[in-house]
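**Q** According to mature numbering (1 follows the signal peptide of the UniProt record, and there is no 0), the residues represented by the sequence shown are -23 to -1, 1 to 517, in order.
We put the CB at the ideal spot given by N, CA and C, even for glycine.
Source: prediction; values computed, not measured.
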Amino acid sequence: MKKALLAGATALLAATAMTPAHADDIKQGGSMVVTYKDDVSTLDPAIGYDWQNWSMIKSLFDGLMDYEPGTTNLMKDLAEDYTISEDGTVFTFKLREGVKFHNGREMTAEDVKYSLDRVTNPKTQSPGAGFFGSIKGFDAVAAGETESLEGVTVVDPYTVKIELSRPDATFLHVMAINFSSIVPKEEVEKWGADFGKHPVGTGAFSLEDWTLGQHLIFKRNEAYWRAGVPKLDQITFEVGQEPVVALLRLQRGEADIPGDGIPPAKFLEVTQDPQYKDLIIEGGQLHTGYVTMNVKMPPFDKLEVRQAVNMAINKDRVIRIINGRAVAANQPLPPSMPGYDTAYEGYKYDPEGAKTLLAKAGLGDGFETELYVYNTDPNPRIAQSIQADLAAIGIKVEIKALAQANVIAAGGEADQAPMIWSGGMAWIADFPDPSNFYGPILGCSGAVQGGWNWSWYCNEDLDKLATEADSITDPAKKAEREELWRKIFISVMDDAPWAPVFHEQRFTMRSERLGGPDAIFVDPVHIPVNYDYVWAKDVQ
């Protein structure tokens, strides 16, 4: 077990310069408490798609692929091995044998087939269905003509073949996201729409109890197929905890991780206190915070209005609200993402120019609208700053501050939320590729009920360019692919369905009781924390 742990955690050891001797001291056992303000919306991997439930789902379920802990490097997960055809359109995965679901049944290739059919079926209303658009037969499933993906074939109990309709440079990444998690058919059919409250996967933890409005309790999966993982015996997620109260509880030793982060009002006080120096962790992230404008709802169906909003927002003032923990954004992609256009200047802060555009749109006297926002600080204060900026050009904004799940639900309806501030739910890449900042949040496939394209923007010409870009799989043509993505995102900004505001750094805090490399507490993929690799220091 010890040897397997070291093999599975190579990236962690390297990231923190830990020695094998130190790793030998890591013991099994213990627990931790994670706090959140709001309850969890769902733990169904086909549905869940927010900051809060993302890493919870990753700890309950596995997919064919995953990422090395604390990195964006792909690794095999439920797939023991795989091959790719010479033309890049056929992927054959050999599954690990003996892997069991939490209900005790062995996972097989039939489960892989069922899970992919389910997530792409329109009846599931998965916000991630569009990720699978390159699989042969996807269009027929999406149109409701069939419930089975033609391109997914069970070869034998431990082998599944996936044929694509075109080469897809992102496909292995897609196999690593939560939407590709493998689920057991019998449990989904048993619970129906409530499967998200009774999740059964093959992951490192299983759900022991969920008392709505109070807590969720995860227990260690003692039969987990990856030796030495997880180290903790139990995780308790306590909900209904205001972030400031959660911080106080951590300081008193009653909680271990404030899931909503360090409260902005306490940020400087905590980060400047020497006693917390080793407990505060900072990490970069592929993140963009933005305001969406629903192009299907007047007056945001007018280009000049959307451009005016872009020019009205004082981004520097917004960044000051979060203690300067970000840089201003002028395009959807963050600066560290391939395809980011360093030469693009975007829409300058220009309230007078914004007024001119409103007058050109026939709205010189302004108009009234609504801005939806996640109700956890600092997001309402950011919304108020944006509200003041828009008032200065004649746009009267009513703020709708709601729980995260309710804001997400409103964005997934074509006629409900004219504007949304994405903060607290803002886009952090599912995988490190520019396509991930397009398809689900700006592409036509995301502009569907329950989707995350809250601007409901759909440019079919750009969708074709995106498909062309993702069909470039030759590493020698990397520059050509990046140039296509630059063209796509700058064209998006010409249409202005968003007002990008900032790219944020991630800060979190942990109690002294917890061990683990910093990288797993600000994991770029298991957001916000890779719970599988945390350990407790006080285990005897």
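For the beta strand (DSSP E) that contains arginine 483, what are its first and last residues?
**A** For arginine 483, the enclosing beta strand (DSSP E) covers residues 483 to 486.
**Q** Mapping DSSP to helix, strand and coil, what is tyrosine 253?
**A** helix
**Q** Which value, in whole angstroms, describes the spacing of the CA atoms of lysine 279 and leucine 334?
**A** For lysine 279 and leucine 334, the distance between alpha carbons rounds to 10 Å.
**Q** I think leucine 20 touches methionine 33, with their Cβ atoms under 8 Å apart; what is that distance to the nearest whole Å?
**A** 6 Å
**Q** Taking the Cβ atom as the reference point for each residue, do asparagine 307 and proline 411 lie within a distance shorter than 8 Å?
**A** no
**Q** Are there 16 or more other CB atoms within 10 angstroms of the CB of glutamate 166, so buried, or fewer, so exposed?
**A** Label assigned to glutamate 166: exposed.
**Q** Mind checking lysine 325: buried by the 16 CB within 10 Å criterion, or exposed?
**A** exposed
**Q** Which whole-angstrom value describes the C-beta separation of residue 564 and alanine 446, a residue pair presumed to lie in contact below a C-beta threshold of 8 Å?
**A** Here the chain comprises residues numbered -23 to 517, so residue 564 is not present and cannot be evaluated.
**Q** In whole angstroms, what separates the C-alpha of valine 499 from that of threonine 48?
**A** 10 Å
**Q** Do leucine 348 and methionine 396 have their CB atoms nearer than 8 Å?
**A** yes
**Q** For alanine -3, collect the residues of the same chain with a Cβ closer than 8 Å to its Cβ; drop the 5 residues on either side in sequence, then sort them by chain order.
**A** With a pLDDT of 34 at alanine -3, under the threshold of 50, the modelled position of that residue is not reliable, and the figure given next carries that caveat. Nothing listed; no residue qualifies.
**Q** Could you give the C-beta distance for residue 518 and lysine 208, rounded to a whole number, given that I count them as a contact under 8 Å?
**A** The structure shown has nothing for residue 518, since the chain only spans -23 to 517.
**Q** Quick one, are the C-beta atoms of glycine 230 and serine 488 less than 8 Å apart?
**A** yes
**Q** DSSP three-state label for tyrosine 59, please.
**A** strand
**Q** Name the DSSP beta bridge partners of aspartate 43, please?
**A** Met52
**Q** Return the Cβ separation of alanine 23 and serine 103 in integer angstroms, given the expectation that the two are a contact with Cβ distance under 8 Å.
**A** Their Cβ separation, rounded to whole angstroms, is 4 Å, which keeps alanine 23 and serine 103 in contact under 8 Å.
**Q** Would you mind listing the beta strand (DSSP E) stretches within the region 256 to 306 that are 3+ residues and don't spill past its ends, in chain order?
**A** 257 to 260, 264 to 270, 303 to 305
**Q** Determine the direct distance from the alpha carbon of alanine 181 to that of glutamate 329, and round the result to whole angstroms.
**A** In this structure, the straight-line span from the alpha carbon of glutamate 329 to that of alanine 181 is close to 56 Å.
**Q** Tell me the DSSP secondary structure of aspartate 186 in three-state form.
**A** strand
**Q** What does the Cβ neighbour count give for threonine 123, buried or exposed, with the cut at 16 atoms within 10 Å?
**A** exposed
**Q** Can you tell me where the alpha helix (DSSP H) with alanine 336 in it begins and where it stops?
**A** 328 to 337
**Q** In chain order, what residues of the same chain have a beta carbon less than 7 Å from the beta carbon of glycine 493, not counting five sequence neighbours either side?
**A** Tyr510, Val511, Trp512
**Q** Using DSSP with H/G/I as helix, E/B as strand and the rest coil, what is glutamate 404?
**A** What sits at residue 404 in the sequence shown is tryptophan, not glutamate. Tryptophan 404 falls in the strand class under three-state DSSP.
**Q** Below 8 Å between beta carbons: does that hold for tyrosine 135 and leucine 72?
**A** Cβ atoms of tyrosine 135 and leucine 72: closer than 8 Å.
**Q** According to DSSP, is aspartate 133 part of a helix, a strand, or is it coil?
**A** When DSSP states are grouped into helix, strand and coil, aspartate 133 belongs to the strand group.
**Q** Mind reading off the beta-carbon distance from proline 505 to tryptophan 28? Whole number of angstroms is fine, and I expect it under 8 Å.
**A** Their Cβ separation, rounded to whole angstroms, is 7 Å, which keeps proline 505 and tryptophan 28 in contact under 8 Å.
**Q** Measuring CA to CA, which of Ala365, Trp429, Glu259, Ala56 is closest to isoleucine 385?
**A** Trp429
**Q** Determine which residues share a DSSP beta bridge with arginine 197 and list them.
**A** Phe182
**Q** Inspect the beta-carbon positions of proline 176 and aspartate 88 and report whether they are closer than 8 Å.
**A** no
**Q** Tell me which residues share the same chain as residue 518 and place their Cβ nearer than 8 Å to its Cβ, disregarding the 5 neighbours each side in the sequence.
**A** Residue coverage of the chain in this structure runs from -23 to 517, which leaves residue 518 outside it and unanswerable.
**Q** Is the beta carbon of isoleucine 257 sitting closer than 8 Å to the one on valine 247?
**A** Against a cut-off of 8 Å, the Cβ pair of valine 247 and isoleucine 257 comes out as a contact.
**Q** Considering only DSSP beta bridges, list what leucine 475 is partnered with.
**A** Note on identity: in this sequence residue 475 is tryptophan, with leucine being the wrong assignment. Paired residue(s): Thr269.
**Q** Select from Gly301, Arg463, Asn507, Asp366 the residue whose C-alpha is nearest the C-alpha of tyrosine 317.
**A** Arg463
**Q** In chain order, what are the residue ranges of uninterrupted beta strand (DSSP E) at least 3 long that sit wholly in the region 198 to 228?
**A** 211 to 215
**Q** Check whether the Cβ atoms of aspartate 16 and leucine 141 lie closer than 8 Å to each other.
**A** no
**Q** Between the C-alpha atoms of methionine 486 and serine 157, what's the straight-line distance to the nearest angstrom?
**A** 30 Å
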